[in-house]
Each structure stands twice: as structure tokens, then as C-alpha cells.
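Written out below as C-alpha cells is the structure these notes cover.
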Amino acid sequence: MQLGLREMYHLQLSAQPSISFLSVMKHRTMQTSAGHTLYFWRRPNCRYTIKAIASRNDVFRTRICRSKHMEKLQNGYLFTEISMLQSLYRDKYPDVKLISLGVGDTTHPIPEIIASAMAKKCFGLSTATGYKGYGEEQGDRELRYAIAEVVYKDMEIDYSDIFISDGAQCDISRFQLLLGSDITVAVQDPTFPAYVDSSVIMGHAGEFKREAGKYGRITYMKCTPDNNFFPDLSSTQRTDVIFFCSPNNPTGVAASRNQLKSLVDFARANGSIIIYDSAYSMYISDDSPRTIFEIPGAKEVAIEIASFSKYAGFTGVRLGWTVVPKDLLFANGFPVIEDFNRVICTCFNGASNIAQAGGLACLSAEGYKAVSGVVNYYKENAAILVDTLQSMGLEVYGGKNSPYAWVHFQKRRSWEVFKEILDKTHVLTIPGTGFGPGGEGFIRISSFAHRESILEACRRFKSLF
Ligand SMILES: Cc1ncc(COP(=O)(O)O)c(C=O)c1O
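Numbering (our numbering) for the sequence shown: 441 to 905.
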């Protein structure tokens, strides 16, 4: 059997690893373009050797064609691949103390007041009076009232515009489902990869252009230090949907009031819908808006997707919400909220009532104080990282309104810097290109970690740079 260049390349796993190696490393198999399955084994020195070769004709297959959209996805999902790399690294170097500042997962325990509200709900379920089955698909009313009151006070967002979800990521996809496959989308470049990946899965993306690292039908709005990480809207083409994340993951930069005003004006002029991701709004320290609905006119062009994950350490509990204002209408005058409600009722049966009890506790005065304390802890971590890296002469962005530091290494490639940091300091970060071609030359460092790990990582960075 002839191996193609790609297969040969994959076999040299002891060479510089890149994200595309990871699925081979995990599944120990690889499909060749000629329709064969290669089975690998790993030698102790970490070289992979072919163990067996099976033709696709040798195994039972269904008659279902793989989705042509799924086939266009280039790699596995970024954060899953980074987590996989982390476990492979731990396997390979069991004696090394790896510090993970890669995937932005929270590490601090959930404050007791919130955990006990969930425990109370949970124990209540074992009693005849406390038991509850399905709730309203849109979410617990008390929680929706509390979000309207605490987060959207004076913004004329009614509780009935708010839908409780099992996390922001799920609603990003549910919203795509609602819009169908004929729409065009724009994203910040770099940004959170779920917008592009879910657009590919839905069929909005077009062909992948390898040289540019972009999908042909997606509009990439470049966000660099040169434009203060806000896109040049005067040269941005019209799209149906604009994904906008502020504070942005990964750059850590929050858009100012004037910038968001220009974004809303742009969407209004084009009749577009903004899908505004405010997952990190609790990290805003200056007067940047915490929600798009602080901007007049936004209710007619925007939905907002929000999350308790980074706000209350609910990455595992799973809770978020989405605001779909009744004023947001399709071209034929039909309210978007009606379709969103239909999707939610059909594809989602409501968030866990235990998680919702936790969410409600987060919004009480005492709960809010407790979660703000945890957010401040991560913000202090971010400040330590930024100060250390800046003191070493590095160009660092973010960290002030966000848990992420975005570090620029001029004239170097993200993967090369990522690997050098990993090999020499055993600190796991994320290469900027994982967030889009505009991330080339950057790495993202997360401040979600225990203080000792942040201080130790800083000591190691100092010895490297
Ligand atoms: C910008 C952004 N949006 C959404 C999410 C996903 O949030 P959730 O855990 O609520 O699904 C993340 C998670 O890292 C994120 O960074």
C-alpha cells in the first residue's frame, strides 16, 4: 500500500507536534485517502508505528453519507485537543509538574452559599413536597426575574425575553439551528472557535482556504493591536449574522461604549443580527458596557448569550441564559423570539432545576458578593501574569477586563512559541492560531488557576524569557 505525504508526515510523531496530530494520538487510528484504516501503536520513545492496515472494505459500513459540512472541519475542537495534549504530555513526562494555563476552566470551589442552595434543591427532590419534574422550557421564572432585575436593570429587558440554558455554547448552536444554512456570518479574528466551527457544521462556511487559514464564506473581522482589537467596520462587508464576543476570548479586550455603538449602527444599517457573547462580562473593570443592551437600538438587532460558567465556576454545573428581545424581527416582521422559543421547546427541555437553584443564589446579594470575590481572585491572577510578562519586555494585552492575557511574539509563529514554553517551562498555554488566523504570533495564557500555580508559572517564564 502506498502512503501519501500526509500519512508519512503523521507517522513522524516525534517531530514537532501540531494540533492535527492529536486525533491520531488519541484514537490510535487514521483514515488514509485511499480508504484504508491505519492502526498505530506507540513505542516507549513515543514514536508511532503502524500495527495493522485495514481496508475500509473489510469492515461493516452503513449506507449513510457523512455530512459534507462536517467533512469541512479542519481539526478537532480546539479546547478538547489542548486537553488531550495535556494528558498526553502528563503520560509522557509523569515526573514533570505541568502547569495548565491553557483551556480556560475554572479551578476555585463554588462559594458555599451557592453550593448549599443547589444541595437544598437536590435533597428536596427526595421529598414528596420538594419533588419537581419538568420545569418550563424557558427556565425557572424566579431566575428569569432575577436576571432581568440584576443584570438588565433599567434596560427594559423583560423576564420573558430571557431563556435559561445549559450554557452559552449550547445556545450558540441552537441559534444557528434556528437560522438555517443559507445565512452569511462574520466573526472577530481571532475569537472563540465555536462560532466558526458551528457555522461550518451548519453549512455557512464554504470551502476552507488552507493558505489563508480561513473558510471562504465566513467574513473574518481582523482584531489586532493596530485597530485596538476592534474591527474596521468601514471595510467590513455585510453579513446576515455578526458574532461578537466582548470581552473577547482570546484577546481579553472589551469593546468600549463608542465601539459597541458603531457595531449596533453597522448592524442596523445592514439589517443584520448581532449574536453578542457576554460570557466574560463579570470581568469588566472599567466602564465598558457589560451587555449589548446598554447601547440604544440594540434590542432591534441583537441577541445576547451569557453564562454562569466563568462568573460562578459553573463550567461543570452548566447554566447560562440567552436574551432574545421581542423587538428583534425577521425581514417579514415575524419575531425572532417566537422561533427561538420553538427551537428551545423542541430541542431542549429546560436547564437542570438544581443548577437553576444555584443560579438564583448567585444573584442574591450575598451570593453576588461571594462570586464577585472569586472573579476578583482570577483577576488578581491575571494582573500578576500581565505584570510579570510586561516586566520582561513582552507585549501583553488583555488581563484587565478578562481572565486571559494575550501575548504577542513579533515575527514568531504561535505554535513554535507554544511548544517552546511547554518544553522549557512545562506551562501549557494556547497557540493564538487556534482562535483564527489573526492569532498568529500570539499565545493565550489563562488566569484560571490556583495562586501558587500562577506564581510558579511566572517564576518559570522569568527563567525562559
Ligand atoms: C466566549 C465564550 N463563550 C461561551 C463559552 C462557553 O460557555 P459555557 O460553559 O456557558 O457553555 C466560553 C467558554 O470558554 C467562551 O469562552
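Glycine included, C-beta positions come from ideal geometry on N, C-alpha and C.
| Asked | Found |
| --- | --- |
| Other residues of its chain near K766: CB distance less than 7 angstroms, five sequence neighbours each side excluded | D601, P775, I777 |
| T676 versus A559: straight-line alpha-carbon distance, rounded | 49 angstroms |
| Inter-residue spacing [alpha-carbon to alpha-carbon] between N781 and Q578 | 7 angstroms |
| Neighbourhood of L834 by C-beta, 6 angstroms cutoff - its chain only, sequence neighbours within 5 removed | V847 |
| Of the residues P671, I682, K859, the one placed nearest S696, counting alpha carbons only | P671 |
| Heavy atom of ligand 1 within 7 angstroms of D767 beta-carbon | no |
| Proximity of G798 and L759 at Cβ, strictly below 8 angstroms | yes |
| Cβ separation of E880 and I539, assumed to be a contact under 8 angstroms, to the nearest whole Å | Going by Cβ atoms, the distance from E880 to I539 rounds to 24 angstroms, so no, they are not a contact pair. |
| Exposed unless 16 or more other CB atoms sit within 10 angstroms - verdict on C486 | In this prediction, C486 scores a pLDDT of 49, lower than 50, which makes its location untrustworthy; the coordinate-derived value is nonetheless stated afterwards. When all chains shown are included, C486 counts as exposed. |
| G579 beta carbon near ligand 1 (any heavy atom closer than 7 angstroms) | no |
| Buried or exposed (CB count within 10 angstroms, at least 16 for buried), I861 | buried |
| The region 792-811 touching the region 611-619, judged by at least three CB pairs closer than 8 angstroms | no |
| Continuous beta strand (DSSP E) assignments of at least 3 residues falling wholly in the region 552-625 | 602-605 |
| Cβ contact check for the region 862-872 and the region 789-797: 3 or more pairs under 8 angstroms | no |
| Nearest candidate by alpha-carbon position, reference Y599, set R584, C610, V591, F748 | R584 |
| Touching by the beta-carbon criterion (3+ pairs, under 8 angstroms), the region 684-695 and the region 715-733 | yes |
| Range of the contiguous beta strand (DSSP E) that encloses K508 | No beta strand (DSSP E) holds K508; DSSP gives it neither H nor E. |
| Nearest-angstrom Cα separation, counted from D606 out to G570 | 22 angstroms |
| C898: first and last residue of the uninterrupted beta strand (DSSP E) it sits in | C898 -> not in any beta strand (DSSP E); alpha helix (DSSP H) instead, spanning 891-904. |
| Residue interval of the beta strand (DSSP E) (run including T762) | 760-763 |
| Where Y660 falls: helix, strand or coil (DSSP) | strand |
| The alpha helix (DSSP H) enclosing G807, as first and last residue numbers | 805-831 |
| Inter-residue Cα distance where the pair is G504 and G876 | In the sequence under discussion, the amino acid at residue 504 is Ile, which differs from the Gly named in the question. So the alpha carbons of these two residues sit roughly 32 angstroms apart. |
| Helix, strand or coil at R884 according to DSSP, with G and I counted as helix | strand |
| Exposure of S723, with buried meaning 16 or more beta-carbon neighbours within 10 Å | The sequence as given places Tyr at residue 723; Ser does not occur at that position. With 16 or more other Cβ atoms within 10 Å, it is buried. |
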